[in-house]
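>
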Amino acid sequence: MPLFTIAIPAYKALYFGEAIESCLAQTFQDFELVIVDDASPEKLGEIVGRYNDTRIRYCRNERNCGAVNVVDNWNKCLEYANGQYIICMGDDDKLLPKCLELYNDLIAKYPNLNIFHAWTQIIDDKSQVFDLQESRPEWESALSAQYYRWQHRWKQYIGDYCFRVAHLRKEGGFFKLPLAWGSDDVTVFRAGLENGIANTQQFGFQYRKNPHTISNSGNQQLKASAHVKEWKWFAENLNMMECDNEQDKLFLSFLLRDIDEHYRQKIHDMLEEDLSLHSFNIRYWLENAASYNLSQSEVYQMAWHVIRKNKRIRF
266 MPLFTIAIPA YKALYFGEAI ESCLAQTFQD FELVIVDDAS PEKLGEIVGR YNDTRIRYCR
326 NERNCGAVNV VDNWNKCLEY ANGQYIICMG DDDKLLPKCL ELYNDLIAKY PNLNIFHAWT
386 QIIDDKSQVF DLQESRPEWE SALSAQYYRW QHRWKQYIGD YCFRVAHLRK EGGFFKLPLA
446 WGSDDVTVFR AGLENGIANT QQFGFQYRKN PHTISNSGNQ QLKASAHVKE WKWFAENLNM
506 MECDNEQDKL FLSFLLRDID EHYRQKIHDM LEEDLSLHSF NIRYWLENAA SYNLSQSEVY
566 QMAWHVIRKN KRIRF
């Protein structure tokens, strides 16, 4: 049994070879590379065939999960994993050479944790670093991490985390939301609740920001729906929590204080973006306002805001 499973739920060929090569270049060698091809039309199997390495396992879905249900493919990766820990990275992302070595060092130091995080560089379509994730303390509680996340101080993805496989399976896998929108937040929070999160103090991961990522998908209605489900999950779970230490009590009180405003603002942002691109969607939002925890008055106000904003841009 390898210590690590590096999983790539794959669909796009453009940077796929780079992703594979970054995994095979690890200084720490006790890993398997599991690739789950989501019935891609881009001949990913031929790309995998270029690499003669027994640590690679390639599986192809009979049916496409698609962008909306992409978390289903993440969980397919989890099903195939033989490692004790799993990294689920994008088919366009990259591990830096010492990524697994850094994780191994953290696991040795914090053996009871269910989740570890790699400090991340943001790369463009030419693999050039153009931004950096914020540095984090070596250890933090899940409540602390979520507070800074809601304060927009912590960026996160999913490939920048390493999860204990047994814990992830016990929780039912990666938390499914449409377009994986918010899936990382819930999955990370659940994994960190028991013993916290350990963060590497050196860069270990590269997240590629480009127009092809699912996060740039334009379905604002689905994203808003995902936010509602995420909002409900956090509301239910935070309200049931009790904390042993004063720091976490404070973080919990802030999260409970901010939760409604945080998610209402996210849904407002989705509404504004949708109406900016498709003004005729106002009927949809009016008819479905309640399902997004909005009033029809809010929808009208946001529509008026968009009209005024577009006029300023035009003139």
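Under this note's numbering, the sequence shown has 280 at position 15, and the numbering climbs by one with no breaks.
For glycine and all other residues, C-beta sits at the position ideal for the given N, C-alpha and C.
What ranges does the beta strand (DSSP E) occupy inside the region 357-426, keeping only unbroken runs of at least 3 residues that lie completely in it?
Correct list: 380-388 and 394-397.
> In whole angstroms, what separates the C-alpha of residue 276 from that of residue 530?
Taking the straight line from one Cα to the other gives about 32 Å.
> Measure the C-alpha to C-alpha separation of residue 269 and residue 435 and round it to an integer number of angstroms.
Roughly 18 Å between the two C-alpha positions.
> Which ranges would you report for the alpha helix (DSSP H) in the region 322-356 if only whole runs of at least 4 residues count?
Listed in chain order, the complete alpha helix (DSSP H) runs (minimum 4 residues) inside the region 322-356 are 335-345.
> Let me check understanding here. Comparing Cα to Cα, which of 433, 471, 315 and 325 lies closest to residue 389?
Considering only alpha carbons, the answer is 471.
> What runs of the alpha helix (DSSP H), each 4 residues or longer, lie entirely inside the region 503-569?
Runs of the alpha helix (DSSP H) inside the region 503-569: 511-542 and 547-552.
> Within 10 angstroms of its Cβ, does residue 221 collect 16 or more other Cβ (buried), or is it exposed?
Outside the shown range of the chain (266 to 580) lies residue 221, about which nothing can therefore be said.
> Would you say the region 562-569 touches the region 530-546, given that touching needs at least three Cβ pairs under 8 Å?
A contact exists between the region 562-569 and the region 530-546.
> Using a Cβ distance threshold of 8 Å, determine whether the region 486-493 contacts the region 511-519, with at least three qualifying pairs required.
The answer is no - the region 511-519 does not touch the region 486-493, with fewer than three Cβ pairs under 8 Å.
> How is the alpha helix (DSSP H) around residue 434 delimited, first residue to last?
Start and end: 430-435.
> Spatial neighbours of residue 532 within its chain, please: CB distance less than 6 Å, with the 5 preceding and 5 following residues excluded, ordered by chain position.
Contacts found: 489, 492 and 557.
> For residue 292, which of helix, strand or coil comes out of DSSP?
Residue 292: coil per DSSP, three-state reduction.
> Rounded to the nearest angstrom, what separates residue 573 and residue 496 at their Cα positions?
Taking the straight line from one Cα to the other gives about 30 Å.
> Pull up the distance between the alpha-carbon of residue 474 and that of residue 421, whole angstroms please.
If I take the Cα positions, the gap works out to 12 Å.
> Report back the beta-carbon spacing between residue 322 and residue 297 to the nearest angstrom; my notes put them in contact at under 8 Å.
The Cβ separation is near 6 Å, so the contact holds.
> If you compare alpha carbons, which of 273, 402, 292 and 554 is closest to residue 423?
When only C-alpha atoms are compared, the closest one is 273.
> Measuring straight from C-alpha to C-alpha, what distance separates residue 361 and residue 305?
Cα to Cα, the separation comes out at about 26 Å.
> Quick check on residue 468: does DSSP put it in helix, strand or coil?
DSSP places residue 468 in strand when its eight states are reduced to three.
> Secondary structure at residue 267, three-state DSSP: helix, strand or coil?
In the structure shown, residue 267 sits in coil (DSSP, three-state: anything other than H, G, I, E or B).
> Out of 527, 391 and 405, which has the shortest C-alpha to C-alpha gap to residue 510?
The shortest C-alpha separation from residue 510 is found at 405.
> Taking the Cβ atom as the reference point for each residue, do residue 365 and residue 293 lie within a distance shorter than 8 Å?
Taking 8 Å as the Cβ cut-off, residue 365 and residue 293 qualify as a contacting pair.
> With residue 385 and residue 425 assumed to form a contact (beta carbons below 8 Å), what rounded beta-carbon distance in angstroms separates them?
Contact flag correct, Cβ pair sits at about 5 Å.
> Of the choices 512, 525, 350 and 400, whose alpha-carbon is the least far from that of residue 504?
For the residues 512, 525, 350 and 400, the minimum Cα distance to residue 504 belongs to 525.
> Our contact map puts residue 433 next to residue 456 with C-beta atoms below 8 Å; I'd like the distance itself, whole angstroms only.
That belief holds up - the Cβ atoms of residue 433 and residue 456 are roughly 7 Å apart, short of 8 Å.
> Going by other Cβ atoms of all chains shown within 10 Å of its Cβ, with 16 needed for buried, is residue 324 buried or exposed?
Classification of residue 324: exposed, given that the 10 Å Cβ count is below 16.
> For residue 333, which residues from the same chain have a beta carbon less than 7 Å from its beta carbon, with the 5 sequence-adjacent residues on both sides left out?
Cβ neighbours of residue 333 beyond the five flanking positions: 443, 444 and 487.
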